[in-house]
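*Asks:*
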Amino acid sequence: MMIVAPRFIAVDDKKEHLEAIVSSLQKMGAPCIGVQYDLENDLNVSYFRGVRCLFMDLHLTGGNLKTDHKGDFSRIQQILEDCIDSRGGPFILVMWTQHADLKDQLVDYLERNIDPDRSYARPLAVLSLAKDRYLVNLDEGVVRDPAELLGAIQESILGNPQLAVLLQWEADVLKAAGATLASLLELVPVDSRTNAHYSDALDSLLSRMVTEAVGTNHVAADPRAAITTALAPILSDRVQNQDVADVEANIWSAAVTKHDARMPKADSVEAGSINRMLHLAIPGTERLTATDWGAVVAWPFVWDDPTFLSITGISIKDMLCQQFKMRSASIADCRPILVRVGAACDYAQSNPGPITYLLGFEIPEGAARQETKATDAIWVSPVFVRDPGQGPYRIHAHIRFPQTHLPAEAGQWQVTSRLREQLLMQLISSASNYVARPGIVQITC
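Numbering of the sequence shown is given in my numbering, commencing with residue 1064 and proceeding in unit increments.
(1) Pull up the CB-CB distance for V1360 and L1401, whole angstroms please, since I reckon it's below 8 Å.
(2) What is the rounded straight-line gap between the Cα of G1376 and the Cα of T1370?
(3) Using a 10 Å radius around the Cβ and a threshold of 16 neighbouring Cβ atoms, would you call A1431 buried or exposed?
(4) Strictly by DSSP, which residues pair up with G1423?
(5) On a CA-only basis, which of R1185, E1311 and D1145 is nearest P1153? Give me that one, please.
(6) Please look up how many angstroms separate the CB atoms of A1358 and V1478, rounded, as I've assumed it's under 8 Å.
(7) Give the single residue among D1330, P1209, A1188 and D1148 whose Cα lies nearest to the Cα of R1196.
(8) Strictly by DSSP, which residues pair up with F1118?
(9) Assign M1340 to one of two classes, buried (16 or more other C-beta atoms within 10 Å of its C-beta) or exposed (fewer than that).
(10) What separation, rounded to the nearest whole angstrom, lies between the Cα atoms of V1302 and D1235?
(11) Starting from the N-terminal side, write out each stretch of the beta strand (DSSP E) that is 3 residues or longer and does not extend beyond the stretch 1352-1397.
(12) Using a Cβ-Cβ cutoff of less than 7 Å, which residues in the same chain neighbour L1265 once the five nearest sequence positions on both sides are dropped?
(13) Which residues does DSSP pair with Y1432 in a beta bridge?
(14) Pairing CB atoms from the stretch 1214-1221 with CB atoms from the stretch 1095-1109, are three or more of them under 8 Å?
(15) Considering only the beta carbon of each residue, do A1437 and K1388 sit closer than 7 Å?
(16) Quick one: grab the DSSP three-state call for I1506.
(17) Using a 10 Å radius around the Cβ and a threshold of 16 neighbouring Cβ atoms, would you call Q1140 buried or exposed?
(18) Quick check: the Cα distance between I1426 and H1459, rounded to an integer number of angstroms?
(19) May I ask which residues mark the beginning and end of the beta strand (DSSP E) holding G1097?
(20) May I have the straight-line CA-CA distance separating P1286 from A1259, to the nearest angstrom?
(21) Relative to the C-alpha of Q1475, which candidate in W1232, E1103 and F1364 has its C-alpha closest?
(22) Smallest Cα separation from L1123: which of N1107, S1109, D1101 and E1144?
(23) So, using beta-carbon positions, are A1083 and V1206 closer together than 7 Å?
(24) According to DSSP, is I1418 part of a helix, a strand, or is it coil?
(25) May I ask you to report which of helix, strand or coil DSSP gives T1274?
(26) Is the number of C-beta pairs between the stretch 1491-1505 and the stretch 1449-1458 that are closer than 8 Å three or more?
(27) List the whole-angstrom C-beta distance separating V1189 from L1156, where the pair is believed to meet the contact cut-off of C-beta under 8 Å.
(28) Would you call the CB atoms of P1399 and A1317 closer than 7 Å?
(29) For Q1466, I'd like the list of residues in its chain whose CB is within less than 6 Å of its CB, leaving aside the five on either flank, ordered along the chain.
(30) What is the rounded straight-line gap between the Cα of G1335 and the Cα of P1445?
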């Protein structure tokens, strides 16, 4: 979808009160969608798919003189659970209400009642803006001092520097994307920048770039991936090397404060969760196939000694105990996998031929191991946590046990994850160094 999801949303049952927030944000240069709440109609969840700052009236159905506000809190909880997108990212909730003093009660209610399986619906912070302070007349919704309300909105966002820098980083990416597109359009000849010729000139430019990126014969298979391959390095460089104003730099400094302190070492669950985000793509969040570069696939054959012996030349027990140095008691805990490797150019250009996979295992951190060190031919990943029920594990891939399979066969296998490029390149580099290490004949004395 070409339309970028709104970052600021206001929800209120009174149209006049909505306008006060929306118009103030518009003056900041921050487009905001105002959603008038109606108990009889469901909210449009597409509005909320990328929200970062959600302004919401506490009493969405009027009647704010009661002393028990659990019904109002429950309604806000339901909106968050129903509308916040699981992949939408973090957001803060700003209470836009006459009863800003109820913020702590709302925070307590949401923390106790939001479904644990919908943790993405939990706001990063809950702040408040008092309507009666900023509106001249609650019936008409006229803003008393637009500059003061504007400042309060900015302060509510900057009051959480961690969210502020995430918003800033997101804006930097959009800015860098615009600059990348602008530099691309600068390559179009001036005499072609007309209504009649612009599209054709861009087509020629993009076609030249993707042909060099992935090869002439492979553009049609996935034009989007080909264009991304060509433009992503430019985008990354522009994000990394943008000029940062002093005010923005100060916000970044306020958001990241623990790097100089002696932080306790991360436990395996925390480290595994962060490493998973950094280095693993997971089914359901990204498109994955078993033939992707870096794909990790579940063992696709019968898991028994005769089959394993016919493929590797040794038994399952000998592989795990003699090669991977595991104890016999842990054999059942080690999950067999194949990891898709190979040359980057072969993958990018879809060159014909069998695909190379390395034999490996997903080995739990707590699995019993021998004291003897495993061979240098085994590459070991950082610790990961993919499923909290399975706990932390590492991928162990054996460089001396590669397999090749045709794409038509491999394409039917079950993919469990994919190594992102940085970690995959480390694995491929380790394999290359191991295979290319020199040996000499010498007599020692």
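We put the CB at the ideal spot given by N, CA and C, even for glycine.
*Replies:* Taking the structure as given:
(1) In this structure, V1360 and L1401 form a Cβ contact; the two beta carbons are roughly 5 Å apart against a cut-off of 8 Å.
(2) Cα to Cα, the separation comes out at about 10 Å.
(3) A1431 is exposed by the Cβ-count criterion.
(4) Per DSSP, I1400 and A1460.
(5) Closest option to P1153, Cα to Cα, is R1185.
(6) By a beta-carbon distance limit of 8 Å, A1358 contacts V1478. Their separation comes to about 5 Å.
(7) Residue P1209 is the option with its Cα nearest to R1196.
(8) Checking the DSSP bridge columns, you'll see F1118 partnered with A1073 and V1157.
(9) Around the Cβ of M1340, a 10 Å sphere holds fewer than 16 other Cβ atoms; the residue is exposed.
(10) If you take the alpha carbons of V1302 and D1235, they lie about 6 Å apart.
(11) With a minimum length of 3 residues, the continuous beta strand (DSSP E) runs that stay inside the stretch 1352-1397 are 1358-1361.
(12) For L1265, where only same-chain residues beyond five positions count, the Cβ hits under 7 Å are V1251.
(13) Sequence check: residue 1432 is Arg here, not Tyr. According to DSSP, R1432 bridges with M1389.
(14) No, the stretch 1214-1221 does not touch the stretch 1095-1109.
(15) Against a cut-off of 7 Å, the Cβ pair of K1388 and A1437 comes out as a contact.
(16) The answer is coil: DSSP assigns I1506 none of H, G, I, E or B.
(17) With 16 or more other Cβ atoms within 10 Å, it is buried.
(18) Taking C-alpha positions only, I1426 is separated from H1459 by approximately 7 Å.
(19) The continuous beta strand (DSSP E) containing G1097 extends over residues C1095 to Q1099.
(20) Taking the straight line from one Cα to the other gives about 23 Å.
(21) The alpha carbon of Q1475 has as its nearest neighbour, out of W1232, E1103 and F1364, the alpha carbon of F1364.
(22) For the residues N1107, S1109, D1101 and E1144, the minimum Cα distance to L1123 belongs to D1101.
(23) Annotated as proximal: A1083 and V1206, with beta-carbon spacing under 7 Å.
(24) I1418: strand per DSSP, three-state reduction.
(25) In the three-state scheme derived from DSSP, where H, G and I count as helix and E and B as strand, T1274 is classed as helix.
(26) No: the two stretches stay apart, fewer than three of their Cβ pairs being nearer than 8 Å.
(27) Indeed, because the Cβ distance is near 5 Å, the residues count as touching under 8 Å.
(28) 7 Å or more divides the Cβ of P1399 from the Cβ of A1317.
(29) For Q1466, where only same-chain residues beyond five positions count, the Cβ hits under 6 Å are Y1420.
(30) Between G1335 and P1445, the alpha-carbon positions lie close to 8 Å from each other.
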